[in-house]
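J.: In full-length UniProt numbering, the protein residues as written are 1 to 709.
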Amino acid sequence: MCLQKCQEVQYRQMFDEMPKSLSLSLKTGKIVHAQSLKLGISSKGNLGNVILDLYSKCGHIDYAERVFLSLEERDKMAWNSIMFIYSRKGFLESVLEAFGSMWNRGVLGNQFSCAIVLSACAKLMELKFGKQVHCGAVKMGFEIDAFCEGALIDMYAKCGYVVDARKIFDGATDHDTVSCTAMISGYVQGGLLEQAMEVFEEMRTGGHMPDQVAFVTTLNACVRLGRLDDARQLFSQMRNPNIVAWNVLISGHVKGGHEREAIGLFQNMIKADFKPTRSTLGSLLSAIAYLANYEYGFQEEEEEGAFSLFRRMMSEGIAPDEVSLASILSATANLQDLNKGTQVHCFLVKYGLERALYAGGSLIDFYCKCGIIGSATEVFSCMTERSVACTNALIAGYAQVNLVEALNIFQDMLAGGLRPSEVTFATLLESCTGDTNLHFGRQIHCSILKLGFAHHDEFIAVSLLGMYMNAQKMTDANVFFSELPYPKSTIIWTAMISGSIQNDCCENAIFWYSEMCHHNAKPDQATFASVLRACSMLASLEDGRKMHSLIFRTAYNEDELIGKTPVLLDSNYRARSREGMMENKLILIVEFEGGRVLRRLQSLRFYDGLQITCIGYTFTEIALEMTSQNSSLLLKMSEKIICSTMKTVSFRGALATGVAEEHFAVQSKLQDCQKQDDMLHNGDREPTANFHYKSNNEPNGVARNHPCR
């Protein structure tokens, strides 16, 4: 008897130590269990509970259930163990049944019992059962326990009762890490992201160190709020960020439109010896696909980057999901790489995703952009479920080659119960150009009204305006524009202005711009560029100067789109001046900034008689920089322009370095230029100015209001 007691104690110590070991050796546990069965002590006392706890922690549910059923007496430890393994394996309904059986048999359980069943209620969103457990916890005095508090907060929050969760949180004696994390998670799941951030800050100021779950949950809140700077700062404060934190940060940058930064984070993650998951690689594929498609055009490096990442997924045994395959197809579609696209199509067939909604739509888009409309139609016809997006992709493909067939698909779309989107109408209207297809466009306009689409929607309004103006139906465009309610957006005003210019109605464009200002619509760089073009075509220097001054005030003077327009205005003015229509002489003054000389000079149109004054930099500095970047540009500059420029800046440095002789081949002119330069040897730099025009008869507007005066 004494020997059996000693053996029982030894077995119990062994079972207590085994779950704490890293290996949790199930094989050794079974051997010891077999020995206890031989001695007849496996189901007696605490030893049975320890055996059950071992199997529960090892995740062996079959053995755990056998031991549980063989126990002579099932106390709260046994019930907790069996509920734990049920919860771990995802048998949440069994957790609730076990808790009910325990309660009916008179076993009240403890705070851990309540925490386990409340966690199951939260996942099942069983609010009614959870409230009953809450009542039981109050009766037994477990409500103030940290584990029970955290589980109650989590349960109410996940069931959508964030206010009740907050009441429990506010009534807690100590806002520890568990309760704070539960409250943060509840707010994030409920979409109350700002409140989640506030609780996290309260947690830190209260002296509690956030754990990994709290950090990752708050990181997710920052990302969803678009506060990527805060997310990066929070990530840097984590001692050992796990793969989940990396994935949240990377996917957040991709969704926020910061694809380059996301790729950089991925490279840092690899350096930190983290193995990417399917989520990581899926986000990266989306980022690379976007860069290849939209921002950087059809670049080989982006294409190879996407497929290199895809091959890495396959080599590491990570099966691609629908999103990953759709992303790689998106990049392939815009690169029009038929070979790689058909390979991805094979993967879709292999994984049974060819008819999936998202991947199927990407496949249709790929074949349409490659010009293989027949294959796109075949994929579309095989899809069991069709969305507006995939139908739009097929319509866009046919609209380029057969407008009638595109309209037939549109009719089938309506007959199938799919409601067209703004993209559907914009795609069709874009193809209804010219007198031939205008009647189709008018029918689509009627369909827009019949289907209840507000024709003053910005996207549709611009498409309709574009259709009428491209067909040179300015009367119809004016009528439609006048029917649009106020306030009209900047995009709509700009579309009307640019369309008027396109139809040689530049005076109307100026009128629409004045109306735009009258209705307090704020112009953007596209508006300014269009109005300046109208001024150029009308040779209206006065209006052009006013626009130029306004551009400076609105800080659009550095914009690429606008930067070339003043020269166009001046060139047109000079051209008409040479014809005797105007007499004012113009001097174009350009400020060259470091690193931007070449781009600025490439945008200039050089005319004989146009004097260029380079303010802020010597001609030597400009010539040297241009030489280092593109010497061919210098050879296009005439001797007259070069010497005209040398009159206003110091050329002595250029003589010393031989730049003029080597690159300009104007040695015969250098002496004359040198004499003129001697007159300005103390005036190496003129007063600084930005893009500015000077004339003999300078009007009052721009010169006085210029920001540099």
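Glycine included, C-beta positions come from ideal geometry on N, C-alpha and C.
Using the three-state DSSP reduction, which class does N437 fall into: helix, strand or coil?
T.: Here N437 sits in helix by DSSP.
J.: What residue range does the alpha helix (DSSP H) around N80 cover?
T.: Looking at the DSSP string, the run of the alpha helix (DSSP H) that includes N80 is 76–89.
J.: Do you know offhand how far G282's Cα is from K128's?
T.: Going from the Cα of G282 to the Cα of K128 covers about 39 Å.
J.: Does L192 come out as helix, strand or coil in the three-state DSSP assignment?
T.: Residue state, collapsed to three classes: coil.
J.: State the Cα-Cα distance for the pair M537 and N508, rounded to the nearest angstrom.
T.: Taking the straight line joining both Cα atoms gives about 12 Å.
J.: Would you please state the rounded distance, in angstroms, between the beta carbons of L54 and L92? I believe it to be under 8 Å.
T.: Going by Cβ atoms, the distance from L54 to L92 rounds to 23 Å, so no, they are not a contact pair.
J.: Decide if the segment 166–180 is in contact with the segment 135–142; the criterion is three or more beta carbon pairs, one per stretch, under 8 Å apart.
T.: No contact exists between the segment 166–180 and the segment 135–142.
J.: Figure out for me which residue from R224, S81, Q212, R260 has the closest Cα to the Cα of M238.
T.: Nearest C-alpha to M238: Q212.
J.: Report the rounded CA-to-CA distance for N437 versus G352, giving the unit in angstroms.
T.: Answer to the nearest angstrom: the Cα atoms are 41 Å apart.
J.: When you compare only the Cα positions, how much space is there between S113 and L234?
T.: Rounded to whole angstroms, S113 to L234 spans 35 Å at the Cα level.
J.: Please state whether DSSP places F453 in a helix, a strand or coil.
T.: In this structure, F453 counts as coil in the three-state DSSP scheme.
J.: Enumerate in chain order the residues of its own chain whose CB-to-CB distance from residue 783 is below 6 Å, with the five nearest sequence positions on each side excluded.
T.: Beyond the ends of the chain as shown, which are 1 and 709, falls residue 783; an answer cannot be given.
J.: Just the Cα atoms here: how many angstroms apart are T494 and G441?
T.: T494 and G441: Cα-Cα distance of roughly 22 Å.
J.: Are the beta-carbon atoms belonging to T277 and I243 less than 8 Å from one another?
T.: Taking 8 Å as the Cβ cut-off, T277 and I243 qualify as a contacting pair.
J.: Here's the rule I'm using: 16 or more other beta-carbon atoms within 10 Å means buried, otherwise exposed. How should D365 be labelled?
T.: Classification for D365: buried.
J.: Just to confirm before moving on: does the CB-CB distance between G160 and G190 stay below 8 Å?
T.: In contact: G160 and G190 (Cβ atoms closer than 8 Å).
J.: In chain order, what residues of the same chain lie with their CB nearer than 8 Å to the CB of E662, ignoring the 5 residues before and after it?
T.: Per-residue confidence for E662 stands at a pLDDT of 44, beneath the threshold of 50, marking its modelled position as unreliable; the derived number appears in the next sentence. Here the set comprises nothing.
J.: Output the distance between the C-alpha atoms of L152 and G256, rounded to the nearest integer angstrom.
T.: Using only the alpha carbons, I get a separation of about 34 Å.
J.: Taking C-alpha atoms, which residue in V254, I61, Y486, G100 lies nearest to I82?
T.: Comparing Cα positions, the closest option is I61.
J.: Using CA coordinates, which residue listed in N104, Y156, C535, K450 is at the minimum distance from L118?
T.: With distances taken between Cα atoms, L118 lies closest to Y156.
J.: I373 and V401 - do their beta-carbons sit closer together than 8 Å?
T.: Contact flag set, yes.
J.: How close, in whole Å, do the beta carbons of E385 and L357 come, if the pair is a contact with beta carbons under 8 Å?
T.: Contact flag correct, Cβ pair sits at about 6 Å.
J.: Can L428 and A399 be called in contact, C-beta distance under 8 Å?
T.: Yes; because the gap between Cβ atoms is below 8 Å, this pair is in contact.
J.: With a 10 Å radius around its C-beta and 16 neighbouring C-beta atoms as the bar for buried, classify H345 as buried or exposed.
T.: It counts as buried.
J.: By Cβ distance below 7 Å, which residues in the same chain neighbour Q502 in space, the five residues on each side in sequence not counted?
T.: Contacts found: M469.
J.: Within 10 angstroms of its Cβ, does residue 755 collect 16 or more other Cβ (buried), or is it exposed?
T.: Residue numbering for the chain in the displayed model covers 1 to 709; residue 755 lies beyond these limits and cannot be assessed.
J.: Can you list, in chain order, the residues of its chain with a C-beta nearer than 6 Å to that of I318? Leave out the 5 residues immediately preceding and following it.
T.: Taken in chain order, the residues that qualify are R278.
J.: For S236, which option in L265, D412, V388 has the closest C-alpha, if you only look at C-alpha atoms?
T.: Considering only alpha carbons, the answer is L265.
J.: DSSP state of residue 713, grouped into three classes?
T.: Residue 713 is absent from the structure shown; the chain starts at 1 and stops at 709.
J.: For F380, I'd like the list of residues in its chain whose CB is within less than 6 Å of its CB, leaving aside the five on either flank, ordered along the chain.
T.: For F380, where only same-chain residues beyond five positions count, the Cβ hits under 6 Å are I364, L394.
J.: Mapping the DSSP letters down to three states, classify I318 as helix, strand or coil.
T.: The answer is coil: DSSP assigns I318 none of H, G, I, E or B.
J.: Which whole runs of the alpha helix (DSSP H) in the segment 208–293 are 4 residues long or more, in chain order?
T.: Taking only runs of at least 4 residues, the alpha helix (DSSP H) segments lying wholly in the segment 208–293 are 212–225, 228–236, 243–255, 259–271, 278–290.
J.: Kindly indicate which residue of F215, S500, K450 has the alpha-carbon position closest to the one of L465.
T.: Checked all of F215, S500, K450; the closest Cα to L465 is S500.
J.: Please list the segments of the alpha helix (DSSP H) lying wholly inside the segment 464–545, counting only runs of 4 or more residues, in order along the chain.
T.: DSSP runs (the alpha helix (DSSP H)) wholly in the segment 464–545: 474–483, 490–502, 506–518, 525–538.
J.: For T217, tell me which candidate among V188, H208, V199, E194 has the shortest Cα-Cα distance.
T.: The candidate whose alpha carbon is nearest that of T217 is V188.
J.: With distance defined between alpha-carbon atoms, name the residue in D164, F200, G186 nearest to T177.
T.: Minimum Cα distance to T177 is reached at F200.
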